[in-house]
Amino acid sequence: MDLLLVKTLYIIQEFVFPFAGKSKYNKEKQIRRKSIEKDVEIPMRDGVTLRADLYRPDDGEKHPALVFRSPYEKETLDRRWGQLSPVGFAKAGYVVVYQDVRGTGTSDGDFSFFFDQGDDGYDTIEWAAVQPWCNGMV
């Protein structure tokens, strides 16, 4: 697994989840139902379509979103994440947008490590922020 991804997930686990007890998604009200949507199409500014899997609470409310973008296929997600599974984030009250970057997995376009990533990440965050399931916090 990519070292940067591991460090990012560790930071989220250590600094986001401890505050969950202070939110409305504490242990007494942990979300039990979740929705998983596969290969949701996200349009980019240049017309390329990137695809993401969405893991979200199925309670009809708006939630903050976590965006993860990876050049590794999202279909292998469960084998790599262990306890930091997106299902756990959904149960804690977050929407997880796990996206195959341009040219990888089910996303369209050509992969380039240094180009397009900034614009694509920006477009993905902007897209997530205006979705009906998001409270605007990404």
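Each residue of the sequence shown is one higher than the last, beginning at 2 in my numbering.
Glycine included, each C-beta is placed from N, C-alpha and C at the ideal position.
- As a beta-bridge residue in DSSP terms, ILE43 pairs with LEU51.
- ARG70 has its alpha-carbon roughly 11 Å from the corresponding atom of ASP54.
- Annotated three-state conformation of ASP101 is strand, per DSSP.
- With 16 or more other Cβ atoms from the protein chains shown falling within 10 Å of its own Cβ, TYR56 counts as buried.
- Exposure of SER36 is indicated by the presence of fewer than 16 other C-beta atoms within 10 angstroms of its C-beta.
- In this structure, GLY94 sits near PRO58, with a CB-CB distance shorter than 9 Å.
- Going by beta carbons, ARG103 and VAL49 fall inside the 9 Å limit.
- If you draw a straight line from the Cα of VAL97 to the Cα of SER113, it is about 24 Å long.
- Between GLU42 and the set ASN136, MET138, VAL139, GLN132, the nearest pair of CA atoms involves GLN132.
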